Amino acid sequence: MMDSGWLVILPHISLAAGGILIFCAGAFMRRRASDIIPVLAFASAACAGVSSAWIDPGGPGFLGMLDSGGFSRFFAVIFSLITLMTLVFSHHYARDRGFAGDEFYGVLLFAALGMILVAGASHWLIFFLGLELLSLSLYVLIAARKNDPASNEAALKYFVMGSVAGGFLTFGIAVLYAVTGRMDISAGLGSTMTADNRAGLLLGLSLVMVGIGFKISLVPFHLWTPDVYQGAPAPVTAFLSTGSKVAVFAALLRFSLCSHEAVWAYMAPLFWGLAALTMIVGNVTALAQTHLKRLLAYSSIAQMGYVLMALLAVKHGGASAVVFYLAVYALMDLGAFGAVAVLSGEDRERDDLEDYRGMGYVHPWRAGLLAVCLFSLAGLPPTAGFIGKFVLFHAAIQAGYVALALVGILAAIVSVYYYLRVMGILYMRTGECGIVPRTGILGDGAGMMILALLLLLGIVPSPLLTAISNIVSSLSH
Amino acid sequence: MIPANLLSLIIFLPLLGGLVVLAFRRHPNPCRWISLGTASMDLFLILSVYLLEIRVHQAGDWLIVEDTSWIETLGIRYSLGLDGISLLLIMLTSFLGIIVILVSWTQVTSRVALFHFFLLSMQTGVLGVFLATDLFLFYLFWELQVVPMFFIIGIWGHEKRIHAAVKFVLFSITGSLLMLAALIGIVVVHGSQTGHYSFSLFDLVGTSLSSNLENWFFAAFLLAFAVKTPLFPVHTWLPDAHTEAPTAGSVILAGLLLKTGTYAILRFAFPLFPSAAGVAVPVLMVLGLSGVFYASWIALAQKDMKRLVAYSSIGHMGLIIVGVAAWNAMTLSGSVLQMINHGLTTSALFILVGMLDERVNSRQLSDYGGIWRKMPVFSGFFLLFCMSSLGLPGLNNFVGEILILLGTFKVQPAAAVIGFMGMVLVLIYVLRLIQDAFFGEPRTDWNVRDITGREALILVPFALLVILIGLYPHPFLDLVDGPVRNLVLETGTAMNTGAM
Chain Z
3 MMDSGWLVIL PHISLAAGGI LIFCAGAFMR RRASDIIPVL AFASAACAGV
53 SSAWIDPGGP GFLGMLDSGG FSRFFAVIFS LITLMTLVFS HHYARDRGFA
103 GDEFYGVLLF AALGMILVAG ASHWLIFFLG LELLSLSLYV LIAARKNDPA
153 SNEAALKYFV MGSVAGGFLT FGIAVLYAVT GRMDISAGLG STMTADNRAG
203 LLLGLSLVMV GIGFKISLVP FHLWTPDVYQ GAPAPVTAFL STGSKVAVFA
253 ALLRFSLCSH EAVWAYMAPL FWGLAALTMI VGNVTALAQT HLKRLLAYSS
303 IAQMGYVLMA LLAVKHGGAS AVVFYLAVYA LMDLGAFGAV AVLSGEDRER
353 DDLEDYRGMG YVHPWRAGLL AVCLFSLAGL PPTAGFIGKF VLFHAAIQAG
403 YVALALVGIL AAIVSVYYYL RVMGILYMRT GECGIVPRTG ILGDGAGMMI
453 LALLLLLGIV PSPLLTAISN IVSSLSH
Chain W
4 MIPANLLSLI IFLPLLGGLV VLAFRRHPNP CRWISLGTAS MDLFLILSVY
54 LLEIRVHQAG DWLIVEDTSW IETLGIRYSL GLDGISLLLI MLTSFLGIIV
104 ILVSWTQVTS RVALFHFFLL SMQTGVLGVF LATDLFLFYL FWELQVVPMF
154 FIIGIWGHEK RIHAAVKFVL FSITGSLLML AALIGIVVVH GSQTGHYSFS
204 LFDLVGTSLS SNLENWFFAA FLLAFAVKTP LFPVHTWLPD AHTEAPTAGS
254 VILAGLLLKT GTYAILRFAF PLFPSAAGVA VPVLMVLGLS GVFYASWIAL
304 AQKDMKRLVA YSSIGHMGLI IVGVAAWNAM TLSGSVLQMI NHGLTTSALF
354 ILVGMLDERV NSRQLSDYGG IWRKMPVFSG FFLLFCMSSL GLPGLNNFVG
404 EILILLGTFK VQPAAAVIGF MGMVLVLIYV LRLIQDAFFG EPRTDWNVRD
454 ITGREALILV PFALLVILIG LYPHPFLDLV DGPVRNLVLE TGTAMNTGAM
């Protein structure tokens with residue numbers, strides 16, 4: 003019993019140990035640090051992924067604070083994959099720009115640990131700790147290019163706004179604890195609503211939602227997103243837009259599943275409004291963007307709106323749709339920002355859309371990755387995004403949210419325009435976009451893997467969908 | 004005798020060939036030959052199905068079906084079915100699939116491998132639409148055919164190609180996403196009634212819907228299909244797309260993509276929502292007839308030959324819609340036959356205009372005149388297809404049009420009479436085209452050759468088919484007769500109750 007108790011946190015241990023080892027290597031083995039550190043980081047992320055995939059899932063452990071069931075494990079695997087991909091994309095990128103030190107790799111692993119904690123927390127305290135670990139690490143990662151003003155500005159912006167949102171979240175948790183007397187998430191949210199605790203419960207939940215809305219950049223808490231995504235180095239943006247959003251959304255999914263029917267009845271209209279607003283504003287604002295990273299930022303905002311729409315169906319079996327789309331979304335955005343990273347020259351980021359003219363012919367594979375990711379984000383076949391969108395709309399309509407689904411469909415129609423615009427620039431215009439130096443076989447390999455996965459999931463989604471529906475049904479019991 | 008997944012082979016063989024072609028990026032000629040080989044093999048497969056299967060089954064039922072589980076959690080299956088109607092349409096598809104490769108042989112010289120990849124994957128999408136019997140699978144192919152077309156117009160098109168390509172996709176997506184909502188809607192309703200979640204067309208036919216819901220669902224399906232057809236007034240993407248597309252793109256658009264719209268109306272929209280369809284019949288007739296008149300009227304004013312043919316295309320499709328809306332055995336047979344006829348005639352006209360464009364580098368009617376004296380053989384072909392387009396007896400279009408109009412006369416005499424008058428308008432603009440371009444003073448500054456051997460190879464099959472269908476349409480009509488009777492039997496009664 004004791005053994006398996008420790009075994010279930012092997013992913014956490016390997017990430018934490020990897021991070022500490024990297025800092026040690028940076029401090030004591032200065033001469034060979036640049037060789038050892040990436041290998042260490044890669045190995046510990048891989049170890050985390052493998053251990054979370056292979057060790058039998060357990061129940062809530064550690065005084066009921068940490069859930070190690072199938073749900074948490076599934077997300078732990080996703081975060082390990084995201085971390086691995088980010089490491090691969092940033093390997094050359096960071097070295098060429100001179101920020102490949104121990105702090106970058108170590109902090110990246112700690113951020114991954116934070117994500118796993120957030121998605122696996124069954125206790126408010128662990129959730130809060132995980133989120134703070136994640137956020138603090140991200141502040142550092144965004145500012146990784148110390149001599150780049152845009153990067154620093156982005157980090158400061160994320161820090162200031164993130165702290166405020168964190169404050170709301172903390173206060174919300176405190177209020178929830180005060181009202182329900184439970185720090186256990188499912189027990190607290192699952193408690194029945196009475197006349198006495200109604201005001202407190204709703205106040206607490208609303209405050210928590212402000213914090214969460216900031217982290218997954220729902221409209222109207224989204225204003226930081228384009229600036230931060232644009233300022234941060236592209237591999238970090240990939241990590242930030244996928245990992246942190248998926249982690250917080252996984253937590254939100256857990257809250258929604260646990261919440262009592264009466265509590266949910268109050269939350270659903272709020273989610274309805276947020277989802278509609280996010281889908282509309284995200285997509286419409288993206289139309290006007292002239293920079294690829296900003297365009298992708300608004301697109302990722304809109305994507306969260308679609309997922310939130312399906313989250314409303316969570317009490318009617320919509321949870322597996324949400325989980326499936328989160329996994330697909332992680333792949334798509336990782337691929338899109340990863341493509342920006344491998345298409346960027348040595349000195350600066352390739353951000354202006356005009357710089358991508360004719361890129362499809364100069365770098366067919368890397369631009370192809372970007373194109374497939376954009377097609378997937380737009381929801382066109384034969385990509386995973388097509389199945390994902392279908393699953394989301396299916397869940398929403400099945401649960402009776404027809405009007406919201408129609409809003410989503412109209413927003414998706416608008417979105418097709420800006421995705422096609424990028425496609426037109428990549429393949430239908432000619433220009434001197436310049437040849438990008440080789441960015442290493444690893445980055446291209448990761449890109450190919452994402453591309454292959456997106457197409458594979460678009461054609462045979464069944465195994466993943468079945469696995470997810472088993473995981474979700476284990477969680478709701 | 005027939006391999007179990009023959010239909011899948013037919014659908015995915017072109018895509019496979021397309022992927023192989025991509026490997027020959029630096030060698031244009033192997034690309035062309037491999038594509039031609041793949042497309043010919045596909046046609047051979049389909050023709051062998053025709054020759055073998057037709058003897059075995061004389062009835063109008065499904066000749067070959069294929070059914071495998073695909074996405075179990077949602078009740079989606081990978082199911083395909085072939086009946087006479089789809090057989091006829093996939094024969095057209097694979098025939099035009101070969102033609103477009105031949106047409107582009109000298110016309111497309113840049114990014115040849117990519118071009119052929121898109122041509123072949125396009126064919127996969129269209130074949131899938133004609134064969135899918137699971138609604139989700141159908142929707143997948145329906146969306147899939149849009150993507151290659153976007154690139155074909157956008158990369159190899161003329162001056163305003165990007166605008167036209169984006170417009171094409173936006174129109175299509177708007178229709179199809181709303182259809183997606185309705186599609187999920189009917190599945191959910193059917194599932195909650197029977198407890199069995201299925202996307203199969205056969206399961207969903209006969210789902211009892213409240214009339215309000217049924218009207219909305221039908222409207223969403225119809226919008227998606229009407230945009231593709233294109234039905235007046237959602238046709239405005241078509242002239243742009245045709246004008247900007249390379250010849251191969253125009254042939255695929257006119258010959259295949261537009262057919263998926265009318266095919267889907269009679270395969271999915273009417274059978275799934277019969278009483279709503281019954282209510283919509285007058286609207287469809289009015290829109291179809293307005294299309295005939297409007298398109299002919301606009302065609303009269305066109306100075307660009309490609310645009311003129313594009314508008315004539317809208318007019319012909321309008322008549323097909325009239326035939327579908329009348330929904331009896333005669334008009335449906337006529338409409339299906341007319342889909343084939345339109346695919347042959349309009350494609351041939353686009354190819355001829357493309358050949359002129361290749362020689363003179365202009366599509367403006369005012370730049371031409373007296374072609375007959377310079378290029379007699381070419382002009383002969385042009386005249387033949389123009390005569391076919393305006394419905395000269397003895398040629399293919401006459402048979403389809405007469406079936407549609409006579410059948411419509413039985414149920415809606417007024418519509419048929421108006422339709423006849425529309426045919427007269429077609430006569431005017433086609434004769435004007437011929438007069439302006441082929442007769443009159445020749446332009447002495449040209450030095451153009453008559454058609455080459457390759458071009459003759461393209462045009463002769465078209466000419467033979469046009470004449471064959473015109474003189475002896477029975478083999479084609481026999482093919483669709485059974486399925487059409489089933490459609491009328493199953494959907495017709497329910498439609499009438501709706502119209503009451």
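So the protein sequences, as listed, match chains Z and W. Residue 286 in the working numbering is what sits at position 284 of the first sequence, and the numbering runs on without skipping anything. Residue 149 in the working numbering is what sits at position 146 of the second sequence, and the numbering runs on without skipping anything. Note that the Cβ used here is the ideal one computed from N, Cα and C, for glycine as well. The structure presented is a predicted model; accordingly, all values stated were derived computationally and were not measured.
How long is the line joining the alpha carbons of residue i and residue j, rounded to whole angstroms?
i, j, result
"Leu272(Z)", "Ile214(Z)", "13 Å"
"Lys295(Z)", "Phe339(Z)", "8 Å"
"Ile101(W)", "Val356(W)", "19 Å"
"Ile437(Z)", "Ile144(Z)", "27 Å"
"Ser51(W)", "Phe139(W)", "29 Å"
"Val530(W)", "Pro31(W)", "The structure shown does not extend to residue 530(W), since chain W is modelled only from 4 to 503, so the question has no answer here."
"Arg28(W)", "Phe118(W)", "10 Å"
"Leu77(W)", "Asn364(W)", "53 Å"
"Leu17(Z)", "Cys49(Z)", "8 Å"
"Leu371(Z)", "Gly394(W)", "49 Å"
"Ser471(Z)", "Leu328(Z)", "14 Å"
"Val330(Z)", "Val393(Z)", "11 Å"
"Ser82(Z)", "Leu289(Z)", "33 Å"
"Gly321(W)", "Leu490(W)", "21 Å"
"Pro396(W)", "Val289(W)", "26 Å"
Keeping to the same chain, check which residues put their C-beta closer than 6 Å to that of residue i; ignore five residues upstream and five downstream.
i, result
"Phe44(Z)", "Leu89"
"Thr182(Z)", "Gly190 and Ser193"
"His161(W)", "Glu247"
"Ile268(W)", "Phe228 and Val327"
"Gly373(W)", "Gly443, Glu444 and Pro445"
"Asp5(Z)", "Unreliable positioning characterises Asp5(Z) in this predicted model, as indicated by a pLDDT of 46, which lies under 50. The coordinate reading is nonetheless provided below. So the list is empty, once near-sequence residues are dropped."
"Leu55(W)", "none"
"Pro228(Z)", "Arg296 and Ala299"
Have a look at the DSSP bridge pairing and note the partners of residue i.
i, result
"Ile79(W)", "Ile74(W)"
"Gly63(Z)", "Leu68(Z)"
"Ile268(W)", "Answer by DSSP bridge pairing: none, since Ile268(W) is not bridged."
"Gln400(Z)", "None; Gln400(Z) has no bridge partner."
"Val68(W)", "Gly84(W)"
"Ser16(Z)", "Note: Ser16(Z) sits in no beta bridge, so no partner."
Going along chain Z, which residues have a C-beta under 8 Å from residue i?
i, result
"Ile13(W)", "Correct list: empty, because the minimum Cβ distance to chain Z is about 18 Å."
"Thr177(W)", "Ile415"
"Arg164(W)", "Met430"
"Phe479(W)", "Near Phe479(W) there are no residues of chain Z at all, since even the closest Cβ is about 32 Å away, more than 8 Å."
Interface residues of chain W around residue i at Cβ under 9 Å?
i, result
"Pro465(Z)", "Those within 9 Å of Pro465(Z) in chain W number zero; the least Cβ separation is about 10 Å."
Show which residues of chain W have a CB atom less than 8 Å away from the CB atom of residue i.
i, result
"Thr468(Z)", "Glu75 and Thr76"
"Tyr327(Z)", "Near Tyr327(Z) there are no residues of chain W at all, since even the closest Cβ is about 14 Å away, more than 8 Å."
"Tyr300(Z)", "The contacting residues do not exist; Tyr300(Z) stays about 18 Å from chain W at best."
With a CB to CB cut of under 7 Å and the five nearest residues on each side skipped, what residues in its chain are close to residue i?
i, result
"Ser124(Z)", "Pro62, Gly66, Met67, Leu68, Asp69, Asp186, Ile187 and Ser188"
"Leu136(Z)", "Ala113, Gly116, Met117, Val120, Ser246 and Ala249"
"Leu85(W)", "Leu10, Trp65, Leu66, Ile67 and Leu134"
"Ile389(Z)", "Leu459, Gly460 and Pro463"
I'd like to confirm something about residue i: is its beta-carbon nearer than 6 Å to some heavy atom of the ligand PLP, or not?
i, result
"Val487(W)", "Within the structure as shown, the ligand PLP is missing, as the structure has no ligands at all."
Give every residue of the same chain whose Cβ lies closer than 8 Å to the Cβ of residue i, excluding the five residues on either side of it in the sequence, and list them in chain order.
i, result
"Leu436(W)", "Met308, Leu311, Leu368 and Cys389"
"Leu297(Z)", "Ala288, Gln291, Leu355, Tyr420 and Val424"
"Ile80(Z)", "Val248, Leu328, Ala329 and Ala332"
Could you list which residues in chain W have their beta carbon closer than 7 Å to that of residue i, in chain order?
i, result
"Gln400(Z)", "Val191"
> Counting only runs that start and end within the segment 234-260 of chain W, where is the alpha helix (DSSP H) found for 4 or more residues in a row?
Replying inline: DSSP runs (the alpha helix (DSSP H)) wholly in the segment 234-260 of chain W: 240-247 and 250-255.
> Mind pulling the alpha helix (DSSP H) runs of 4 or more residues that sit fully within the segment 267-304 of chain Z?
Replying inline: none
> Residue ranges of each alpha helix (DSSP H) run of no fewer than 4 residues wholly in the segment 192-276 of chain Z, ordered along the chain?
Replying inline: 200-217, 226-233, 236-241 and 247-260, all fully within the segment 192-276 of chain Z.
> If you scan the segment 122-173 of chain W from start to end, which runs of the alpha helix (DSSP H) of 4 or more residues do you find wholly inside it?
Replying inline: 138-147 and 149-159
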